[in-house]
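To start, the structure under review is shown below, and the notes come after it.
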Amino acid sequence: DGGITQSPKYLFRKEGQNVTLSCEQNLNHDAMYWYRQDPGQGLRLIYYSQIVNDFQKGDIAEGYSVSREKKESFPLTVTSAQKNPTAFYLCASSRSGGHSPLHFGNGTRLTVT
Amino acid sequence: GQQLNQSPQSMFIQEGEDVSMNCTSSSIFNTWLWYKQDPGEGPVLLIALYKAGELTSNGRLTAQFGITRKDSFLNISASIPSDVGIYFCAGLSNSGYALNFGKGTSLLVTP
Chain A
15 DGGITQSPKY LFRKEGQNVT LSCEQNLNHD AMYWYRQDPG QGLRLIYYSQ IVNDFQKGDI
75 AEGYSVSREK KESFPLTVTS AQKNPTAFYL CASSRSGGHS PLHFGNGTRL TVT
Chain B
12 GQQLNQSPQS MFIQEGEDVS MNCTSSSIFN TWLWYKQDPG EGPVLLIALY KAGELTSNGR
72 LTAQFGITRK DSFLNISASI PSDVGIYFCA GLSNSGYALN FGKGTSLLVT P
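If you're matching them up, the sequences are chains A and B in order. Using the working numbering, the first residue of the first sequence is number 15, and each one after it goes up by one. Using the working numbering, the first residue of the second sequence is number 12, and each one after it goes up by one.
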């Protein structure tokens, strides 16, 4: 079955540590996205990538970094510079940018103490 | 990103009732999407709308792309307990690339 896999489901880190969230898709989609979800805040765009080796900042990119070395993979690193890293992180992909619907993974809940 | 206003923020209804929620934007959108999210899961696409005035159904769900292209609504008829979740609208303008999301409508259905 095609889909998007995010791992791990739950992640715990100490403050000051960088942490990388994995996102893999086998849908052959060109575009991939990272969103952050906080209670009552909806989904906010962190980074997106339309094609391999290219990515753009979203609305809340500060304190995050990404890479897109392979079409299937779009890992997100939450750095120690991110002031409030505890959140639910959602990865998504689409056939081509913009007007194609996004398909989401099941998320990673990151808790930083 | 562009601001989407989604209302109501939450709804508590009895099983069998109909539900209506809507989303408005200050900008014109070319695409409106409606998603449902179950607790601890990723959002799942319910309905996609691509043309002003378009009315699309998916089982008990019906969504419309507003004529002004600045709004959309989602109706759920004869609600059942498994309709519980958070419903998000999402839109894309001509000048945008990634989807903008509303803050969600939390739906609770009591038997």
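For every residue, glycine included, the Cβ atom is placed at its ideal position computed from N, Cα and C.
If I measure Cβ to Cβ from GLU38 of chain A and keep anything under 6 Å in the same chain, skipping five residues before and after, which residues do I get?
These residues qualify, in order along the chain: THR19, GLU86 and SER87.
Using the beta-carbon of each residue, which ones in chain B are nearer than 8 Å to GLN39 of chain A?
Ordered by position in chain B, no residue passes the 8 Å Cβ test against GLN39 of chain A, which lies about 12 Å from the chain.
Element boundaries [beta strand (DSSP E), containing TYR103 of chain A]:
Boundaries of the beta strand (DSSP E) harbouring TYR103 of chain A: 101-108, taken from the DSSP string.
Which residues mark the beginning and the end of the beta strand (DSSP E) in which GLN55 of chain A is found?
No beta strand (DSSP E) contains GLN55 of chain A, which DSSP labels as neither H nor E.
Closer than 7 Å, CB to CB, is PRO54 of chain B near chain A or not?
Yes, contact with chain A.
Please list, in chain order, the residues of the stretch 100-121 of chain A that have any C-beta partner in chain B closer than 7 Å.
From the stretch 100-121 of chain A, only LEU104, GLY111, GLY112, HIS113, PRO115, LEU116, PHE118, GLY119, ASN120 and GLY121 have a Cβ closer than 7 Å to chain B.
Would GLY113 of chain B count as contacting chain A if we go by Cβ distances under 7 Å?
Yes, GLY113 of chain B lies at the interface with chain A (some Cβ there is under 7 Å from its Cβ).
Is the CB-CB distance between SER110 of chain A and LEU116 of chain A below 7 Å?
Between SER110 of chain A and LEU116 of chain A, the CB-CB gap reaches or exceeds 7 Å.
Neighbouring residues, chain A, relative to PHE84 of chain B (Cβ below 7 Å)
Neighbourhood of PHE84 of chain B in chain A, by CB distance below 7 Å: empty, with the nearest CB roughly 17 Å away.
Using the Cβ count rule (16 or more neighbours within 10 Å means buried), how would you classify THR121 of chain B?
When all chains shown are included, THR121 of chain B counts as exposed.
So what does SER88 of chain B bridge to, in DSSP terms?
Beta-bridge pairing links SER88 of chain B to no other residue.
Which one or two residues does DSSP pair with ILE78 of chain B in a beta bridge?
DSSP lists no bridge partner for ILE78 of chain B.
Leaving out five residues on either side along the sequence, give the residues of the same chain with a beta carbon under 7 Å from the beta carbon of ALA101 of chain A.
These residues qualify, in order along the chain: ARG50, GLN51, ASP52 and LEU124.
Quick check on DSSP: helix, strand or coil for ASP44 of chain A?
If DSSP states are grouped into helix, strand and coil, ASP44 of chain A belongs with coil.
Using a Cβ-Cβ cutoff of less than 6 Å, which residues in the same chain neighbour ARG27 of chain A once the five nearest sequence positions on both sides are dropped?
Around ARG27 of chain A: VAL33 and VAL126.
DSSP state of SER104 of chain B mapped onto helix, strand, coil
Three-state result, SER104 of chain B: coil.
Distance, Cα to Cα, ALA59 of chain B vs TYR24 of chain A?
Going from the Cα of ALA59 of chain B to the Cα of TYR24 of chain A covers about 31 Å.
Find the residues of chain B that neighbour GLY56 of chain A, judging by a C-beta separation of less than 7 Å, and give them in chain order.
Chain order gives the chain B residues near GLY56 of chain A as PHE99, PHE112, GLY113, LYS114 and GLY115, where near means a beta carbon separation below 7 Å.
I need the DSSP call for ASP94 of chain B, collapsed to helix, strand or coil.
In the structure shown, the three-state DSSP call for ASP94 of chain B is helix.
Contacts of TYR78 of chain A in chain B (Cβ-Cβ under 7 Å):
When 7 Å is used as the limit between beta carbons, TYR78 of chain A is near no residue of chain B, the shortest such separation being about 15 Å.
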